[in-house]
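Trainee: The structure that follows is given in the form of structure tokens.
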Amino acid sequence: MTYVIVHALAPIFVIMLLGFWAGKAKMVDNKNVSLLNIFVMDFALPAALFSATVQTPWAGIIAQSPLIVVLVLAMWITYAAIYSLAVSVFKKSPQDAAVLTLTVALPNYAALGLPILGSVLGEGSATSLSVAVSIACGSVLMTPFCLLILEREKARAEGGNTGSTLAMLPVLMWRSVKKPIVWGPLLGVVLSAFGLKMPELLLSSIKPLGLSATAAALFLTGVILSARKLAINTMVISATITKLLIQPAIAWGIVLVLGLHGSVAITAILMIALAAGFFGVVFGNRFGVQSPDAEAVLLLSSVLCILSLPLFISLTSGM
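Numbering (the working numbering), first residue to last: 3 to 321.
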């Protein structure tokens, strides 16, 4: 099992390392990655998320509702706890806290979901559907939280609006919904709900963009990291422990409360137990927000999940 996990993680580290090397060698300007960020955030990732959601049958999404409940609650609880801790205890700025929180709360479904879940439950349509649903949950129900905070702070910095968050909410939501990274997967879910099938020509046309999404995002993350000095501190350690141990434990508790068992329970816990995702770091860079803690958590959790994932795989084997 350790081999399977290492095999799944290897592409992540290799691609990030290539991006890191490209930045350090000045092959890419690691101080100005706006063009690469636009490609990732406005084209590649939205295309991948739209393809994943629009091709997920609505009946299949409904059938996965217990999984959705566990994933969403585990992510929301973690998001609220880490954001409060970062702002109240560690005195992080709202922007920094938002990026860090999204990094911790949203697992790396896109890169690790299928290899890990496939190795445990076997590859097949059911496994692929579970991973697609997990990605949809993260993109539709998690990323807007981070975007709302980043948009709010951006508006306040520009002096355009200094009112309360509640008063700014309609404008902030509109700004967030207008971004392809939000409306892409959301449109896919809506079309799936209405049973509308996209023309095969359209799907095949955007497929190369979708296939490049994860690699481009990881490469971009490596470039971003090459311009930083990573430091381990109490916030980073706390966030990493939360990601690898506490968040999966929260998911386990929800599974027990709901009385779930079998493949649904295993899927829910293992999806949450995955390493931190790259969305937070990439989102932050798009808004000019640097979060060294988020970057450190991304790297640490990706390394240490080699130890934590086998633990949860063993613990869930009898469910």
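Glycine residues also receive a C-beta, built at the ideal position from the N, C-alpha and C atoms.
#1: Measuring CA to CA, which of I64, A50, V106 and W254 is closest to V283?
#2: Which residues does DSSP pair with P109 in a beta bridge?
#3: Taking buried to mean at least 16 other C-beta atoms within 10 Å of its own C-beta, is P59 buried or exposed?
#4: Between I7 and the rest of its own chain, which residues show a CB-CB distance below 6 Å, the 5 nearest in sequence each way excluded?
#5: Residues in its own chain within less than 6 Å of K94 by CB, not counting five upstream and five downstream?
#6: Measuring straight from C-alpha to C-alpha, what distance separates L131 and L317?
#7: Within a Cβ cutoff of 6 Å, which residues of the same chain sit near A217, ignoring the five residues on either side of it in sequence?
#8: Just to confirm the assignment: which complete alpha helix (DSSP H) runs, minimum length 4, are found wholly within the segment 232-297?
#9: In whole angstroms, what separates the C-alpha of L193 from that of V56?
#10: Of the choices I63, R230 and W78, whose alpha-carbon is the least far from that of T145?
#11: Mark K209 as exposed unless 16 or more other C-beta atoms lie within 10 angstroms of its C-beta, in which case mark it buried.
#12: Under 8 Å, with one C-beta from each stretch per pair, do the segment 128-142 and the segment 42-54 reach the 3-pair mark?
#13: For Q57, which three-state DSSP category applies?
#14: Which residue marks the beginning of the alpha helix (DSSP H) containing L222, and which one marks its end?
#15: With a CB to CB cut of under 6 Å and the five nearest residues on each side skipped, what residues in its chain are close to L302?
#16: May I have the straight-line CA-CA distance separating L306 from V257, to the nearest angstrom?
#17: Does any residue of chain B have a CB that is nearer than 8 Å to the CB of D295?
Mentor: Here's the rundown:
#1: V106
#2: Paired residues: A278.
#3: Its Cβ having fewer than 16 others within 10 Å, P59 is exposed.
#4: Counting only Cβ-Cβ distances below 6 Å, and skipping sequence neighbours, we find I308 and L311.
#5: A88
#6: 23 Å
#7: I17
#8: Runs of the alpha helix (DSSP H) inside the segment 232-297: 236-243, 249-260, 264-274 and 281-288.
#9: 6 Å
#10: W78
#11: exposed
#12: yes
#13: Of the three classes helix, strand and coil, the one that applies to Q57 here is coil, per DSSP.
#14: E202 to S228
#15: T242
#16: 24 Å
#17: Going by chain labels, chain B is absent from the structure shown, which holds only one protein chain.
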